[in-house]
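Residues in the sequence shown are numbered from -9 upward in steps of one, following our numbering.
For reference, the structure discussed in these notes is given below.
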Amino acid sequence: MASVHESLYFNPMLTNGVVHANVFGVRDWVTPHKMALLVLLSELGRAGAQLGLLERRRLNRLLLPLLQGPDMALSRLRKAIEECCPHLAGSVHIRLKLMAEGELKDMEQFFDDLSDSFSGTEPEVHKTSVVGLFLRHMILAYNKLSFSQVYKLYTALQQYFQKDEKKDGADENDMELTNPEELDGKMEKEELDGPLREEEIACSGPLSQKQAEYFLSQQASLLKNDETKALAPASLQKELNNLLKFNPDFAEAHYLSYLNSLRVQDVFSSTHSLLHYFDRLILTGAESKSNGDEGYGRSLRYAALNLAALHCRFGHYQQAELALQEAIRIAQESNDHICLQHCLSWLYILEQKIFDSCVLLEHSVNKSLHFGLPYLASLGIQSLVQQRAFAGKAANKLMDALKDSDLLHWKHSLSELIDISVAQKTAIWRLYGRSTMALQQAQTLLSMNSLEAVNVGVQQNNTESFAVVLCHLAELHAEQGYFAAASEILKHLKERFPPNSQHAQLWMLFDQKIQFERAMNDGRYHVADSLVAGITALNSIEGVYRKAIVLKAQNQMSEAHKLLQKLLIHCQKIKNTEMVIRVLLSIAELYWRSSCHTIALPVLLQALALAREYSLQYLASETVLNLAFSQLILGIPEQALNILHMAIEPVLAHGAVLDKGCAMFLVAKCQVASAASYTPQKKIEALESAILNLNEAKTYFAKVDCKEQLRDVLYFQARLFHTLGKTQERNKCAMLFRQLHQELPAHGVPLINAFK
């Protein structure tokens, strides 16, 4: 047995039953858990052909996470082996028991016998295989131990085995008091391939360098693909601090700490960890080894660039601009065109906060393509499409641009950008009011498989794109009256993106908006008013707009008008055209309710001009419906009926159920008003047609549980049936109207003075 100078390579100490080395000098060392794995490999070689194909396949799948992962308790290891091959688990347990209860020479003989696995013309294990490398590392690490360290390892093995024996005894006592069904349920929840739990890492002792690298890569992958499976922020930070205590210059641990701090929006800690990452990168010489003397400067300019991105994320635009200027200066001195392209992209983002400029973005896309940076070029195209969509460009041109970027994605297998592109298309179709196309794009993204390889049991696509698409899908279902389906989607979102995750604000806003719409439809204005505060916290513009809607529903016209006027000025200033049109429509409705019908017309015409200029087809159709209602009030129902036929098709094809009901109700009103000048026979036909349209409207309103509108439809139907002399139908409608009228308060406004 070779003895090595301990002060040079080893820091002999015993923590949690583990003899370990200083992580600065040795990549791996022997622990009781790894000895149990060695016994497993030895028994696996002895079993040979006795193992079935299925059992061997299961064991092979089990070995990799066991070899790479941190140490675990013997009971959990035994359970994992039992699930694959119960017979082999018993053999491993017996072999470990003989070694732990025997003498020191038994352990030494075991390591001497391990070398036989490589002997012969057809060895059991190849030296260059994963298992072969593990065996050779363990044999080498054992041979380097001094006698005192071998004795400590043997003592640690005894403690490791005795702890398992004590736990088995305690479990047997618990089983007598525990329901077997509950015990089975607990055991089913344990999965070896799943992410590590806090208690498992805490009891495993210090990690070797290989284990630490595996732990960091696993957690980073989970943070990117499935944040719910990663350790909780506090637990992960605790483990990272433990790693950094043994090796403060572990740069990758600092970077994971930076990502972990971003999860909880901790500005100070994320900045601190990011700076330490680049400091350690320079101190350890990791960059200079791969990039020569240029490595130090490269770290400095990318540190400044990442710092600018961090400040921009937290809204510190002045600090971000200063850091970006520093990155640009260093990149220009080093003639680093790639870094300059990244700086140009961030410069556009910062400039966008001040004024809209496509020049920088177009220049960035062209330069990125020139320097062979498809990822950056595609992001530029996506941003350009988004900006052009808000500027009112035609949808076909935007889709052509996205098609060009998709070619880049598929050519270079940029999975994340493919998701972003589909989510972008979903949002654009929603903006233009084509809900059917938006639904199709959303389903396309949800049915796609990620191009990135991830572990079993990990959600493949827990990105912002999927959060956006699922939120749109929930809202689309709610608009069509499928509230149970919308609730299921939101429940899935809450599980997939917990409240402390970075994309949770998306589903929180949509959840509040759906609840608000349901409360308004049901006439529960006090509930809707209580939801306004939550919406405002997530989106101030949406919150103010919905506060005005509640005030309008409560007949507080002057307060609602003041709020809408302030919101209109603000939205015009920030060029939020969609909200400007919605505010104008609400102002027009206030004028109707105040009997200022002629004042509402210029407001509606202004909204229609904006909707057509910016290609917002659905909002344009909704504005035309409001114009038709104004014409009905002003006594020209024939003209109103003519323009209704132009606008109703997009509403019925892509509109929400409530809007469809309102449109059909308006058609019925116009038909009744136009029938006044008809001949008796033609008048009866018109009234019967109006009743059919009212039945359709009633179906739509019932689907979204809009009781106020249902009451108005029933009242109107009862009057029409009375005119046609259909007493039985009239009495039925009158009875249903009375029931709703007693349930709901009267809104004190004439029936005809409200479009919605």
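We put the CB at the ideal spot given by N, CA and C, even for glycine.
Listed in chain order, the non-local C-beta contacts of histidine 712 below 7 Å within the same chain comprise Arg720, local neighbours out to five positions each way being set aside. By the C-beta density criterion, proline 489 is exposed, having fewer than 16 other C-beta atoms within 10 angstroms. Annotation: glutamine 414 to isoleucine 589 spans about 38 Å, alpha carbon to alpha carbon. Taken through DSSP and simplified to helix, strand or coil, cysteine 586 comes out as coil. In the three-state reduction of the DSSP assignment, cysteine 723 falls in the helix class. Pairing serine 395 with serine 455, the inter-Cα distance amounts to about 16 Å. In this structure, the beta-carbon distance from leucine 337 to alanine 313 does not fall below 8 Å. With a contact defined as Cβ atoms closer than 8 Å, glutamate 549 and isoleucine 504 miss out at about 25 Å.
A direct Cα-Cα distance of roughly 43 Å separates aspartate 239 from glycine 80.
Distance check between histidine 467 and each of Phe487, Leu499, Thr426 and Lys134 places Thr426 closest, using alpha-carbon atoms only. Put simply, the backbone Cα of leucine 300 is about 45 Å away from that of leucine 130. Within 10 angstroms of the beta-carbon of asparagine 250 lie 16 or more other beta-carbons, which makes it buried. In terms of CA proximity to isoleucine 623, Arg583 leads the group Ile638, Arg583, His644 and Ser605. Residues Ser251 of the same chain have their beta carbon placed closer than 6 Å to that of serine 259, with the five preceding and five following residues left out of the count. In the DSSP assignment, valine 82 falls within the unbroken alpha helix (DSSP H) covering 76 to 91. Residue state for histidine 493 is assigned as coil, using DSSP reduced to three classes.
Boundaries of the alpha helix (DSSP H) around leucine 554: 547 to 564. Ranked by how close their Cα comes to the Cα of arginine 486, the residues Gly35, Gln661, Leu580 and Glu217 have Glu217 in first place.
In the three-state reduction of the DSSP assignment, serine 136 falls in the coil class, being assigned neither a helical nor a strand state.
At a Cβ-Cβ threshold of 8 Å, leucine 28 and methionine 128 count as neighbours.
CA-to-CA, the gap between threonine 145 and phenylalanine 236 works out to about 23 Å. The DSSP-derived three-state label of aspartate 702 is helix. By the criterion of a C-beta distance shorter than 7 Å, alanine 37 is surrounded in its chain by Leu78, once the five residues flanking it on both sides are discounted.
Beyond the five residues adjoining it in sequence on each side, isoleucine 633 comes within less than 7 Å, by CB distance, of Val614, Leu617 and Ala618 in the same chain, given in chain order. For proline 22, the enclosing alpha helix (DSSP H) stretches over residues 22 to 37. Counting C-beta pairs with one atom in each stretch, the stretch 689 to 696 and the stretch 659 to 679 have fewer than three that are closer than 8 Å, which means they do not touch. Between the alpha carbons of leucine 56 and histidine 644 lies a gap of roughly 53 Å.
The straight-line gap separating the alpha-carbon atoms of alanine 367 and glutamate 628 is approximately 54 Å. In the three-state reduction of the DSSP assignment, isoleucine 626 falls in the coil class, being assigned neither a helical nor a strand state.
For the set Gln377, Gln492 and Gly59, the Cα lying nearest the Cα of valine 254 is the one of Gln492. Counting C-beta pairs with one atom in each stretch, the stretch 512 to 524 and the stretch 661 to 669 have fewer than three that are closer than 8 Å, which means they do not touch. By the Cβ test, the stretch 201 to 218 is in contact with the stretch 58 to 73, since at least three Cβ pairs between them sit closer than 8 Å.
Taking C-beta atoms as the reference points, leucine 600 and valine 570 count as a pair closer than 8 Å. Burial state of arginine 68 is buried, judged by a 10 Å Cβ sphere holding 16 or more other Cβ atoms.
If you compare the alpha carbons of Leu404, Leu574, Cys586 and Tyr604 with that of leucine 595, the shortest gap goes to Leu574.
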